[in-house]
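Asks: Residues in the sequence shown are numbered consecutively from 3, following our numbering. For glycine and all other residues, C-beta sits at the position ideal for the given N, C-alpha and C.
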Amino acid sequence: MKPIPIIIVVIAVAAITGSVLLFTPSTPVIQPSDFRVEYARTGGIAGMNEKFVIDADGTASFTSNIRKPLKEKLDAAVFDDLKGFISRNIDKVPATAIKATPGAADYFTYTMTVKANGKAYEFSWVDEGAAQTKIPETLNLIQSRVVIVQESLIK
3 MKPIPIIIVV IAVAAITGSV LLFTPSTPVI QPSDFRVEYA RTGGIAGMNE KFVIDADGTA
63 SFTSNIRKPL KEKLDAAVFD DLKGFISRNI DKVPATAIKA TPGAADYFTY TMTVKANGKA
123 YEFSWVDEGA AQTKIPETLN LIQSRVVIVQ ESLIK
């Protein structure tokens, strides 16, 4: 039996179903406007209120009630690495809203909103020692990457 060329199969499928099946890469392709991170840390004994935002064009801004604000463009390699890491891993984080154990004191509350892969994700949690439940490991990894970038800018 002679093999059927792939183009004939695609045409046949299109004729039968009225649509063409297109193959997409397994790694998400991120459009420039399809990425944003908002990370906030509030609370603690000093009553901190900090927000770090990374926009789709790689511009990062930081505001704080204690530290100096900033706004600057991230190095392209740093931005691409962070964007790729988050985009590959964000779907692995379960919906997260972790509250503090009753009676807990002197802890930080974190929120993160991520726009990636055509979706929006929202997470909120507290320091591990004050948390009612375990914080998902992938969320810890994403938070670590974001904080490393944040702290490298405001040093």
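(1) Answer with buried or exposed for ASP57, where buried requires no fewer than 16 other C-beta atoms within 10 angstroms of its C-beta.
(2) Considering ALA78, what are the terminal residues of the beta strand (DSSP E) in which it resides?
(3) Would ILE88 pass as a contact of ILE144 if the rule is Cβ separation under 8 Å?
(4) Taking contact to mean 3 or more Cβ pairs, one atom from each stretch, closer than 8 Å, check whether the region 75-89 and the region 99-109 are in contact.
(5) Taking the DSSP output, what are the residues bridged to SER66?
(6) Taking just the CA atoms, how far does ASP59 sit from ASP129?
(7) Using DSSP with H/G/I as helix, E/B as strand and the rest coil, what is ALA42?
(8) CA-CA distance, ALA132 and PRO71?
(9) By DSSP, does VAL95 sit in helix, in strand, or in coil?
(10) Could you tell me whether the Cβ atoms of THR140 and GLU40 are closer together than 8 Å?
(11) By a C-beta neighbour count over all protein chains shown, 10 Å radius and 16 as the cutoff for buried, is ARG43 buried or exposed?
Replies: With the structure as the only source:
(1) Under this definition ASP57 is a buried residue.
(2) No beta strand (DSSP E) holds ALA78; the alpha helix (DSSP H) holding it covers 78-91.
(3) yes
(4) In this structure the region 75-89 does not lie against the region 99-109, because fewer than three pairs of beta carbons, one per stretch, are closer than 8 Å.
(5) GLU52
(6) 30 Å
(7) Assigned with DSSP and collapsed to three states, ALA42 falls in strand.
(8) Approximately 28 Å, taken between the alpha carbons.
(9) coil
(10) no
(11) Answer is buried; the Cβ neighbour count reaches 16.
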